[in-house]
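Input: a single structure, listed below in structure tokens.
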Amino acid sequence: MKDKNILLRSIDSSGTFRVFLGDMTKMAEDIRKINDSTPTATAILGRVTTAASLMGMMSKNYEDRLTITFNGGGPAGKVTAVADGHGNVKAYMVNPTVDLPLNSAGKLDVGGAVGVDGSVTVIKDFGFGDPYVGQTRLVSGEIAEDLASYFAASEQIATAVALGVLVDVDYSVKQAGGFLIQVLPYPDERILTKLEENIAKVKSITSMLEECRDIYEVHDRIFEGIEMEIMDETYPELRCDCSEERMEQALISIGRKDLQEIIEEDGKAEIVCHFCRKKYQFDKEHLQKLLEQI
């Protein structure tokens, strides 16, 4: 098992395109363990967290927040991931026990589990003003295709998106990763043609992670024949920012009447964080103090 995740940000020497490439195997395995997810759910969570991490790395400031939500009406339910500018992610899936037969191609049926009767929503919070909100209809539920469509329709940026999760026979994550390649304004058509040829030859991202020594070799193989410069690398983690204080605010937000009922009927409360599954216990005395705050 890999001991860390890694993201690379690079650009070609002519300024024709920029790249965000990552090996997120550890993150996908960490979230699988938290959710005790089925292989199909593991593939969904791994793809969405990888995408969020890559898109988080696009931020100019580490404090920026990016939220991606897939809501396709399928049995997986809504899937949400939140990333910061380091690429650190937390993610939540309504039904991590979803289990479907393999699709017609003999692969995990991510699209069938996510569904296509809905949309992908991207929220970018820069810490000032109103957050940017973009939304497009889902085209396949396979995540990568939906994000490529989102970038084209909502942000008007031609983007190649590849995301993959390889689940082992014991249901653990064997490989997980992905890339975003975005065409920049005023591209060199010669370089663009070469890039298109290279992408057409690329195997699945998980196959490349299997075959190559590390993410740098994957990078070199994808962009063979193109002069590239790696601008940055980060080591993101699956990281939840829940706290007792936040859970207190959640209890306060339900209002005096409902909180009073909990105190009288149960005398205690337990709140479980959707993202990391951590449990927070509140006894009667603690709840009474919160009621007094209201």
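In this note's numbering, the protein residues as written are 787 to 1080.
Note that the Cβ used here is the ideal one computed from N, Cα and C, for glycine as well.
- Taking a contact as a CB-CB distance under 8 Å, the pair Val834 and Ala867 counts as one, their CB atoms being some 5 Å apart.
- Looking at the DSSP output, Glu1015 shares a beta bridge with Ile797.
- Following the DSSP letters along the chain, one finds Ile1008 inside the alpha helix (DSSP H) bounded by residues 1001 to 1008.
- Ser935 and Ser926 have their C-alpha atoms spaced approximately 10 Å apart.
- Around the CB of Gln961, 16 or more other CB atoms lie within 10 Å, so the residue is classed as buried.
- A buried status is given to Asp798, since no fewer than 16 other beta-carbon atoms sit within 10 Å of its beta-carbon.
- Contact check for Met843 against Gly892 fails: the beta carbons are separated by 7 Å or more.
- The C-alpha of Ser958 lies about 12 Å from the C-alpha of Met813.
- The DSSP-derived three-state label of Phe912 is coil.
- For Ser1039, the secondary structure class from DSSP, reduced to helix, strand or coil, is helix.
- A Cβ-Cβ separation of about 6 Å places Leu1037 in contact with Leu1045 under the 8 Å criterion.
- No residue range can be given for Gln942, since it is assigned to no alpha helix (DSSP H) and is classified by DSSP as neither H nor E.
- When Cβ pairs closer than 8 Å are counted between the two stretches, the region 801 to 813 is seen to touch the region 966 to 973, the count reaching three or more.
- Taken through DSSP and simplified to helix, strand or coil, Arg804 comes out as strand.
- Annotation: Leu894 to Thr826 spans about 6 Å, alpha carbon to alpha carbon.
- Given a length threshold of 4 residues, each whole run of the alpha helix (DSSP H) inside the region 860 to 932 is given here in chain order: 896 to 900.
- Going by C-alpha positions, Ile1080 is about 35 Å away from Pro882.
- Residues Ala838, Ser839, Gly842, Leu852, Val875 of the same chain have their beta carbon placed closer than 6 Å to that of Ala869, with the five preceding and five following residues left out of the count.
- Cα atoms of Glu1034 and Ile1057: separation of roughly 9 Å, rounded to the nearest angstrom.
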